[in-house]
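Peer 1: Next up is a structure, given as structure tokens.
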Amino acid sequence: MSREIDEGLERAERTRPIPVHLNTRVKFLWEKVAKQDTKRLAQLAGVSQRTAQRWSHALKELAEGRLTGDIPMTKANAGKVEQAVRTAWQPRVLTSARQGEAGVSRVRPVPAMKPSRVSGRY
């Protein structure tokens, strides 16, 4: 029950949902977070460096069109990839949301509406 609540709060903090497809998740980790380093990708996802090398090779094959479908992966590794993406997805949004929780609000007040001068109506 508390896990569902935590996931709901995480979804509310984000402005965009995490990628749905496994290939897109691995590509996000590979390009944005690990900066195309297999050792860093392996540490982030909690897998061996050889597995990260397989994923990077599969991403290259996908880009070249030689591989169709999802990257071959076990369910356990897919869960690890999802968790790594959740922790790295939209870091600036998460920090600003957490600062708002601490009492520092980043919400600006809405200015007062002025009547329209074109039509003469409000």
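For the sequence shown, numbering that gives the first Met the number 0 gives the first residue as 0, with consecutive numbering after it.
Backbone N, C-alpha and C fix where the C-beta goes; we use that ideal spot for every residue, glycine too.
1) Using DSSP with H/G/I as helix, E/B as strand and the rest coil, what is Arg-15?
2) By the three-class DSSP mapping on this structure, what secondary structure does Arg-91 have?
3) Is Val-103 helix, strand or coil by DSSP?
4) Which residue from Ser-1, Asn-22, Arg-39 and Met-0 puts its Cα closest to that of Glu-81?
5) Considering only residues of the same chain and omitting the five flanking positions on each side of Ser-55, which have a CB-CB separation below 8 Å?
6) Would you mind reading off the limits of the alpha helix (DSSP H) that contains Leu-58?
7) Alpha carbon to alpha carbon, how far is Val-103 from Val-46?
8) So, with DSSP's three-state summary, where would you put Leu-28?
9) With distance defined between alpha-carbon atoms, name the residue in Asp-5, Thr-14, Val-25 and Gln-98 nearest to Asn-76.
Peer 2: Taking the definition as stated:
1) Coil, per DSSP.
2) If DSSP states are grouped into helix, strand and coil, Arg-91 belongs with the helices.
3) Any reading at Val-103 needs caution, since the residue's pLDDT is 49, under 50, leaving its predicted position unreliable; the model's value is listed next. If DSSP states are grouped into helix, strand and coil, Val-103 belongs with coil.
4) Comparing Cα-Cα distances from Glu-81 to each of Ser-1, Asn-22, Arg-39 and Met-0, the minimum goes to Asn-22.
5) Correct list, in chain order: Trp-29, Gln-35, Thr-37 and Leu-40.
6) Counting along the chain, the alpha helix (DSSP H) containing Leu-58 begins and ends at 48 to 63.
7) Here the model assigns Val-103 a pLDDT of 49, short of 50, so the residue's position is not dependable and the matter cannot be decided.
8) Helix.
9) Selected option, being the one with the closest Cα: Val-25.
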